[in-house]
Every structure is written in structure tokens, then in C-alpha cells.
Amino acid sequence: MLEQREGEALLLHQENRLHKLNQMLVSIMQYNRFYKEKLKDITLPLKSLEEIRQLPFTEKKELVEDQNAHPPYGSNHTFPIDKYVRYHQTSGTSGTPLKVLDTKESWEWWEDCWAEVYRASGVTEKDTVFLAFSFGPFIGFWAAFEAAKKIGALVIASGSQKSNERLYSMIENKATVLLCTPSYALHLAEMAEQHQMDLKNTSVRTIITAGEPGGSVPSIRERIEALWGAKLFDHVGMTEMGAYGYSCSEQKGIHVNEEQFIAEVIDPDTLEWVGEGERGELVLTNLGRLGYPAIRYRTGDIVFNSSLPCKCGNHYQFFPGGIAGRKDDMVVIRGINIYPSSIEAVIREFPEITEFRIVYYTVDYMDQVKVKFEANRDISSALAWELRDRIGLRIDVEKVKNGTLERFTMKARRIIDERKR
């Protein structure tokens with residue numbers, strides 16, 4: 002009987018998602034100039050979620066080109082511009098920044114998506130949420146700020162404060178939840194040690210990270226948790242998509258918020274769905290952001306496709322290990338496919354290392370890779386051995402003087418590409 006009820010609930014869930022998708026498609030095919038052209042050959046309604054494969058993909062370069070052709074905001078808007086109330090733009094780490102507008106309804110949808118992240122992380126109205134983020138046009142934790150207010154939590158935005166000021170403010174105000182990038186959580190811990198602050202004795206019990214894949218990498222997560230004495234939850238989202246995923250109490254990967262998003266995993270070369278347990282590119286469709294829709298959006302993020310449920314009991318689609326890397330971050334060194342996140346996962350197992358860089362360079366027409374790192378003692382031999390054992394490739398390592406490498410408050414840029422093209 003229980004299995005029957007679960008089956009009926011799953012069927013209803015799929016029907017609701019299909020209904021949302023068709024409703025959105027009907028609206029944007031009438032009023033959204035960008036998608037009206039892209040979807041002109043599509044017949045509605047779609048009869049099943051599998052038929053989403055009939056729809057064309059959307060890529061960031063299309064949206065950027067559209068904005069160049071129709072400045073300043075492009076044509077991907079379902080309503081007149083005077084109906085939009087929020088402006089953001091992408092960080093620009095992978096090319097030209099993309100301008101994104103939201104209506105009042107779309108922004109409330111963003112807040113609801115972030116409220117789901119808080120729910121999965123155990124954050125309630127009794128918490129004090131501290132956002133270690135410099136607020137600007139990059140969307141960052143803006144929606145997290147609004148969602149914290151919405152659930153009734155006390156929220157503190159640290160704005161342009163320096164790292165030591167943020168630490169003192171966090172402690173003085175007895176913050177229980179910290180939101181930042183994984184890199185900045187490590188940097189704050191480094192600063193706390195310099196100022197002889199014991200983070201384990203502060204009120205912070207929960208850390209929610211975003212902006213980098215580190216929150217789902219066990220070695221990085223465990224190190225941050227050990228330094229802070231708090232539990233770390235990961236969150237994934239995109240300016241052009243929304244806050245689509247989060248980790249749970251099991252901390253083994255990322256759940257997709259299937260109520261608001263449809264996820265697919267494709268082979269980036271063949272563009273076909275990949276099989277069970279295979280690695281592929283994540284493709285997303287948002288269902289509730291009518292003002293700025295993104296249909297079959299190629300995120301460039303690499304995930305492992307799996308139909309196995311998470312042990313936490315959440316039946317939403319689950320990606321073990323979270324985001325494995327970026328499609329455009331992969332390089333081939335001496336015949337080995339390398340993702341920077343794989344190298345970072347090894348580096349973070351060494352608590353002595355406080356900062357690092359991954360450097361690609363060329364010697365005698367052959368691409369090479371090395372790691373520069375700061376540490377409180379020389380562990381070059383141990384690091385080199387571990388990298389070779391785990392990555393399957395000899396990687397040079399170089400210890401540099403402490404304080405040489407820049408620290409980051411937002412998305413870290415730890416890859417230096419010096420290869421000769």
C-alpha cells in the first residue's frame with residue numbers, strides 16, 4: 002500500500018511539472034521575442050516530460066549575442082521592461098557579463114527557491130544569518146538575503162566590511178548561520194587564527210556555501226567543518242537560471258529542486274542523454290521564472306547522472322558528489338583528462354596548505370601542470386606523491402612564500418593558464 006501511494010505521488014508530481022512546463026511555454030511563445038523565434042516550430046502541448054527533447058538548447062553565448070543585438074537587456078523578456086524590479090549580471094568569470102532582469106513575481110520565486118535551501122539546511126526563524134558577501138550587481142547571496150527575511154530569520158549583510166571586521170561582527174552578533182564561498186570560509190578561518198579567535202566556540206553552527214564546487218567535495222567540506230566546528234551545506238545556482246539545488250543532511254551530493262526545475266544530463270559532444278552512472282553536462286529548465294525563462298539551458302557544469310535516491314528520503318533528482326567541474330575547465334595533460342576540482346580535492350586534504358594556484362604551461366610543445374602553494378611547513382614531497390597517485394599524472398609542486406597568493410571573497414580564480422597556443 003505504501004509503495005502504491007508513493008507511486009501515485011510520483012506520478013502526480015510529474016504531471017504537475019509537465020503542466021507547469023506547458024503553461025510557461027504557451028506564455029513565452031506568445032510574448033517573449035527571444036523564445037518566440039527559437040520555439041516557432043514546436044507544437045504544444047508536450048505530452049510527457051521526455052518530449053522536452055524536442056525543444057532546442059539555449060546557450061549563454063546566444064543570450065549575450067542577443068543583448069549585443071538588442072541593447073541593453075536583450076529580448077529574453079516576457080513582459081514590458083517597466084514590469085521588472087531587479088537587475089543583476091553574471092560575474093563575468095567565463096566571458097562577457099550577462100544582464101538579467103526579474104519581475105516582482107520572478108524575484109519572489111527566487112526567494113522561494115532559496116527558502117528550500119534553508120529548509121534543507123535546517124535554518125529557521127530562530128537563526129541569525131550572516132552574509133559574508135560584498136553586495137553589488139552580481140546576484141551572489143541577494144536572494145538568500147531576501148529569503149532569510151521571508152522565513153523570519155534575523156539577517157546581517159556585511160557589505161564592504163573587511164574580513165577581520167566581518168569576523169568580529171559575526172561573533173559579536175552571535176550569528177548561527179554563515180553564507181559565503183568555500184574559499185572565503187577557509188580564508189576567514191585563516192584570519193581567525195591570525196587574530197587568535199577560536200571559531201569552534203562561536204555561535205556559528207551552519208555554513209551554506211555557493212559559487213564554487215568545494216562545498217560538495219569531501220576533503221574541502223571536512224576541512225571547513227573542522228576549522229569552524231559547524232556543519233556545511235552546499236548550494237548551487239546561476240544568475241541566468243535560479244537557485245536550483247542544495248545538499249542535505251547526508252552531505253553526499255546535490256538535490257535538484259524538481260518543483261521548480263527540470264534537469265537533464267547530456268553528452269556535450271553528441272547532445273544525447275547519458276546513461277546511468279555516466280558523467281555529462283547539466284542542462285536545466287526553470288519553471289517559475291516567467292519574466293526571464295531559460296529553456297534547456299546548457300550550464301557547462303559536469304555531474305554524474307544517477308537515478309538512485311538519496312538516503313535522506315528526499316526523492317528529488319540527486320547528483321552524487323555535486324558539481325564535478327566545468328566543461329570548459331577540463332584540460333588534457335599528457336593524455337589525461339584533468340578537472341581543477343580533482344586537484345583541489347587532493348590539496349585540501351593537507352591542512353598545512355593555506356592557499357594555492359594551479360598553473361598550466363608548455364615545455365617543448367607539451368602541456369604541463371604544476372601547483373604553487375603556501376603552507377606553514379614544506380610538504381612538497383607528500384603533496385607531489387599524493388597528486389600522482391590520485392590524478393594518475395606527475396604534477397610539479399612549488400612552495401611559495403606565505404602571503405604571496407591573493408585571497409578571494411567571491412569566486413576564486415586559482416587557475417593560471419600560461420600555455421603557448
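If you count by this note's numbering, then the sequence shown holds residues 2 to 422, one letter each, in order. The beta carbon of each residue, even a glycine, is placed where N, CA and C say it ideally should be.
For residue i, I'd like the list of residues in its chain whose CB is within less than 7 Å of its CB, leaving aside the five on either flank, ordered along the chain.
i	result
residue 410	135 and 185
residue 204	175, 176 and 177
residue 312	251
residue 151	112 and 116
Beta-carbon separation of residue i and residue j under 7 Å?
i	j	result
residue 240	residue 324	no
residue 23	residue 57	no
residue 375	residue 356	yes
residue 222	residue 177	no
residue 111	residue 145	no
residue 236	residue 124	no
residue 394	residue 337	yes
residue 372	residue 380	no
residue 87	residue 113	no
residue 238	residue 245	yes
residue 220	residue 346	yes
From residue i to residue j, what distance separates their C-alpha atoms?
i	j	result
residue 352	residue 215	15 Å
residue 200	residue 190	7 Å
residue 129	residue 148	13 Å
residue 61	residue 299	8 Å
residue 408	residue 163	12 Å
residue 486	residue 89	No statement about residue 486 is possible, as the shown extent of the chain runs from 2 to 422 and does not include it.
residue 414	residue 84	36 Å
residue 273	residue 243	24 Å
residue 293	residue 334	39 Å
residue 109	residue 406	39 Å
residue 230	residue 250	16 Å
residue 257	residue 122	14 Å
residue 391	residue 370	15 Å
residue 25	residue 417	42 Å
residue 11	residue 310	13 Å
residue 188	residue 52	46 Å
residue 68	residue 181	30 Å
residue 268	residue 275	6 Å
residue 170	residue 27	49 Å
residue 91	residue 101	8 Å
residue 82	residue 137	21 Å
residue 79	residue 142	25 Å
residue 42	residue 59	15 Å
residue 16	residue 195	55 Å
residue 192	residue 20	50 Å
Pop quiz: residue i and residue j are said to be a contact at Cβ under 8 Å. What is the actual Cβ separation, rounded to whole angstroms?
i	j	result
residue 228	residue 198	Residue 228 to residue 198, Cβ: 11 Å. No contact.
residue 303	residue 279	Not confirmed; about 11 Å, so no contact.
residue 385	residue 398	5 Å
residue 277	residue 362	About 38 Å; that fails the 8 Å criterion.
residue 348	residue 339	Not quite, the Cβ-Cβ distance comes to about 13 Å (not below 8 Å), so this is no contact.
residue 266	residue 342	Not quite, the Cβ-Cβ distance comes to about 17 Å (not below 8 Å), so this is no contact.
residue 225	residue 183	6 Å
residue 301	residue 329	6 Å
Once the 5 residues before and after residue i are set aside, which same chain residues still bring their CB inside 8 Å of it?
i	result
residue 18	50, 259, 260, 263 and 288
residue 174	129, 131 and 157
residue 37	29, 30 and 31
residue 161	135
residue 40	26, 29, 30, 56, 57 and 296
residue 430	Nothing can be reported for residue 430: it is not among the residues displayed for the chain, which extend from 2 to 422.
residue 284	58, 264, 265, 266, 267, 297, 298, 299 and 300
Give the range of the beta strand (DSSP E) segment to which residue i is assigned.
i	result
residue 105	Residue 105 -> not in any beta strand (DSSP E); alpha helix (DSSP H) instead, spanning 105-122.
residue 367	367-376
residue 87	85-90
residue 287	280-287
residue 45	No beta strand (DSSP E) contains residue 45, which DSSP labels as neither H nor E.
residue 264	262-267
Go to residue i, then tell me how far its alpha helix (DSSP H) extends in each direction, as first and last residue.
i	result
residue 321	Run containing residue 321: none in the alpha helix (DSSP H); it sits in the beta strand (DSSP E), 319-321.
residue 188	183-195
residue 70	61-70
residue 142	From DSSP, residue 142 is part of no alpha helix (DSSP H); its letter is neither H nor E.
residue 136	It is not in any alpha helix (DSSP H) - residue 136 carries neither H nor E in the DSSP assignment.
residue 388	381-392
residue 202	First-last for residue 202: undefined, no H or E at that position.
residue 169	164-173
Suppose the cutoff is 6 Å on Cβ atoms and the five residues either side in sequence are ignored; what does the same chain contact list for residue i look like?
i	result
residue 307	321
residue 403	375
residue 212	182 and 412
residue 14	none
residue 172	203
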